[in-house]
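This report refers to the structure that appears directly beneath it.
Number of protein chains: 2
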Amino acid sequence: MGRDVIPPIHGYAGCHPAPRHLLVYRYLKNNVSALTLTPVQHIPLIRRDDNLADIVVNALQENDISLEDNDILVFAQKIISKAEGRAINLATITPSQRALELAKQTEKDARVVELILRESNEVLRTRVGALIVEHKLGFVCANAGIDHSNVSPSETSEVFGDFGSLSAEDWVLLLPAEPDRSAEKMRDEIKSKTGKRVGVLIIDSHGRAWRNGTVGVAIGIAGLPALEDLRGKPDLFGYKLQVTQVGVADELAAAASLMMGQAAEGTPVVHVRGFPYPMREATLKELIRPKEQDLFR
Amino acid sequence: MGRDVIPPIHGYAGCHPAPRHLLVYRYLKNNVSALTLTPVQHIPLIRRDDNLADIVVNALQENDISLEDNDILVFAQKIISKAEGRAINLATITPSQRALELAKQTEKDARVVELILRESNEVLRTRVGALIVEHKLGFVCANAGIDHSNVSPSETSEVFGDFGSLSAEDWVLLLPAEPDRSAEKMRDEIKSKTGKRVGVLIIDSHGRAWRNGTVGVAIGIAGLPALEDLRGKPDLFGYKLQVTQVGVADELAAAASLMMGQAAEGTPVVHVRGFPYPMREATLKELIRPKEQDLFR
């Protein structure tokens, strides 16, 4: 909460009940079309320094998807991280005293815990298998988003040379260093390759307080709104709504996550058409609740 | 966490890296089609005892949407609540001592606080404007999901008779009493009217710990999975994943919420085609993290 910069975007702005003809007008304005999310097939395994924009533009062609202005491309963070060379070989990591203690508490690999600490501002909670942290990027998540899965021996040996007997279990993948920047760069490259002005969203899967199951959330954003601030926008009868900040980028992240699946990496990019809000510049920061306004820290 | 009842549904089940031809097989299995979410236009204002199933089936026809088996219909809780007569006139509510105290703390209407307490198991946190509670239905949310907006004088006077000078600000809407049951009933009625076996999801917008903005979440489910438990399903290279419970019903709820908007009530129903998981029976309970496993209570 605490933002007040985005003016109401459309609709009747009075505080009294809207006259009948304006209600009808609101109905007409709601005549939005469908939202379509299409998994982009045939993305190859991504390695460090691959040109992801080229790969995606080619894959879109193979999928017979012709980009239009205001389309959105949603990327799983994993392929952005791989292209940016964020795979780390655990043999290169020496755990600190604090990492050793937390590793004992959580029954985790101390080298992974060390990386979690390096990637985080603060540890909020621990349990067996997980440290819940505030990531340096600002959001709260388990294990700083560090991922053991889908890092293949062949990919990593390309990156770091041949470690011989090392198995892929010795490699982990950090989140992209600056996901907003990665999204922006991708958006600009796609613009220059296709002429189309699209939005780009980078997402990860996060667990949640109170509810079981992970859901997709935004960790990097370019060219689409993160929050829609509808506070003060009147409802159908013209009464002021009290709280109507909507996490639209997270809602879209969840939708795209549904179409990516979780385990296999066959569909790490989803094409979106029909996003119902006006496009604008935004950053992840909009979605991070300031610590002092958070009742659950 | 802590569930272990749903077996892995598909894919290579070994613990060692999958042979090359199985990786290819996984690619082919990922050949899912698009997810399409279409707001159903022209749903009239809903009043108590309206037959919502009839109204929706008619609206689908008007929208040229022909239902198919395995389609999903997502309903905003508000219209379910209205049809079920969950509008309450605040003039009929006498606040308890505890409600008066909490109302002072939170600067809220004591009668609304009284209703929040009646609808809840426990108050977790308070701040000005909000009580964060465990709702009787099991989930954690602000103000027990009680809603001031979009309850019109004309609708409520139909329900409770004419209160003369009372404004709509004196009316609030509680959540449906048993949303899983409401979803099941809707699913069955649609089956009997159309012959099609669809999934039904009832959603609300919830705030979140740590992140700004509300997102759509499931509060009632019939005929589609709530969680997909992919723990132990191997990744692309055959390594065991550690945590892969995905809140697929919540991901779909977020997607549908994006297409409903927040303020106007013109599109409280969204039609979904292409949900990528097998349909099955489920209830909201799958999505509720047991209190003793919740680090943020």
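Protein chains in written order, with my numbering: chain A, 135 to 431; chain B, 135 to 431. All residues carry an ideal CB built from backbone N, CA and C; glycine is no exception.
**OP:** Identify which residue in A:M394, A:E253 and A:T228 has its Cα closest to the Cα of A244 (chain A).
**Re:** A:T228
Original post:
Is P313 (chain A) close to chain B, meaning its C-beta is less than 8 Å from at least one C-beta of that chain?
Top reply: no
**OP:** Report the three-state DSSP secondary structure of D184 (chain B) (helix, strand or coil).
**Re:** coil
Subject >> Closer than 8 Å to chain A by CB, I353 (chain B) >> reply: no
**OP:** Output yes if chain B places a C-beta closer than 8 Å to the C-beta of T170 (chain A); else output no.
**Re:** yes
Original post:
Taking 8 Å as the CB-CB limit, is W344 (chain A) close to chain B?
Top reply: yes
Subject >> Three-state secondary structure assigned by DSSP to G279 (chain B) >> reply: helix
Subject >> Beta carbon proximity, T417 (chain A) to chain B, threshold 8 Å >> reply: no
**OP:** Select from the segment 202-235 of chain B all residues with a C-beta closer than 9 Å to any C-beta belonging to chain A, and list them in chain order.
**Re:** none
Subject >> Interface positions of the segment 401-431 of chain B facing chain A (Cβ-Cβ less than 7 Å), listed along the chain >> reply: T401, P410, E420, L421, I422, R423, D428, L429 and F430
Original post:
Q195 (chain A) CB to nearest chain B CB: under 8 Å?
Top reply: no
Original post:
Between R407 (chain A) and E323 (chain B), what straight-line distance do the alpha-carbon atoms span, to the nearest angstrom?
Top reply: 32 Å
**OP:** Buried or exposed for Q379 (chain A), please, with buried defined as at least 16 other CB atoms from any protein chain shown within 10 angstroms of its CB.
**Re:** buried
Original post:
Is it the case that the Cβ atoms of G357 (chain B) and R315 (chain B) are separated by a distance below 8 Å?
Top reply: no
Original post:
Okay, do the segment 380-387 of chain A and the segment 406-426 of chain A touch, 3+ Cβ pairs below 8 Å being the bar?
Top reply: yes
Original post:
DSSP on T226 (chain A), reduced to helix/strand/coil?
Top reply: helix
**OP:** Would you mind reading off the limits of the alpha helix (DSSP H) that contains A215 (chain A)?
**Re:** Checking the displayed sequence, the identity of residue 215 (chain A) turns out to be Ser instead of Ala. Note, S215 (chain A): alpha helix (DSSP H), Q211 to A217.
**OP:** Using DSSP bridges, identify the partner residues of A221 (chain B).
**Re:** B:L307
**OP:** Starting from I336 (chain A), follow the beta strand (DSSP E) in both directions and report where the run begins and ends.
**Re:** G333 to H340
Subject >> 6 Å Cβ shell around G295 (chain A) - same chain, five flanking residues per side excluded >> reply: In this predicted model, G295 (chain A) has a pLDDT of only 41, less than 50, meaning its place in the structure is not dependable; the value taken from the coordinates is given anyway. None.
Original post:
Mind checking whether L249 (chain B) and V306 (chain B) have CB atoms under 8 Å apart?
Top reply: yes
**OP:** Could you say which of A:A221, A:D205 and A:A193 lies nearest to R181 (chain A) if we only look at CA atoms?
**Re:** A:A221
**OP:** Determine the closest residue to E253 (chain A) out of A:A360, A:R261, A:F273 and A:T401, with distance taken between C-alpha atoms.
**Re:** A:F273
Original post:
Which chain A residues are close to R259 (chain B), counting only those with a beta carbon under 9 Å from its beta carbon?
Top reply: L429 and F430
Subject >> Beta-carbon proximity check, D183 (chain A) vs A217 (chain A), cutoff 8 Å >> reply: yes
Original post:
List, in order along the chain, the chain A residues whose C-beta lies closer than 8 Å to that of D384 (chain B)?
Top reply: R345, G347, V349 and A388
Original post:
For D304 (chain A), which of A:A317, A:I280 and A:V404 has the nearest alpha-carbon?
Top reply: A:I280
Original post:
Any C-beta of chain A sitting closer than 8 Å to the C-beta of F297 (chain B)?
Top reply: Residue placement at F297 (chain B) cannot be trusted, given a pLDDT of 41 that sits under 50; the coordinates are not used to answer.
**OP:** Check whether the Cβ atoms of V404 (chain A) and T172 (chain A) sit closer than 8 Å, and answer yes or no.
**Re:** yes
**OP:** Taking L308 (chain A) as the reference, give the member of A:I199, A:N223 and A:P412 with the closest Cα.
**Re:** A:N223
Subject >> Assigned secondary structure, V174 (chain A) (DSSP; H/G/I helix, E/B strand, else coil) >> reply: coil
**OP:** Taking only beta-carbon positions, decide if I336 (chain B) is within less than 8 Å of chain A.
**Re:** no
**OP:** Return helix, strand or coil for T260 (chain B), following the three-state DSSP convention.
**Re:** strand
Subject >> Bridge partners - S391 (chain B), DSSP secondary structure assignment >> reply: BP columns for S391 (chain B) are empty, so no partner.
Subject >> Three-state secondary structure assigned by DSSP to R407 (chain A) >> reply: strand
Subject >> Partners in chain B for G381 (chain A), counting only beta-carbon separations shorter than 7 Å >> reply: R345, N346, G347, T348 and V349
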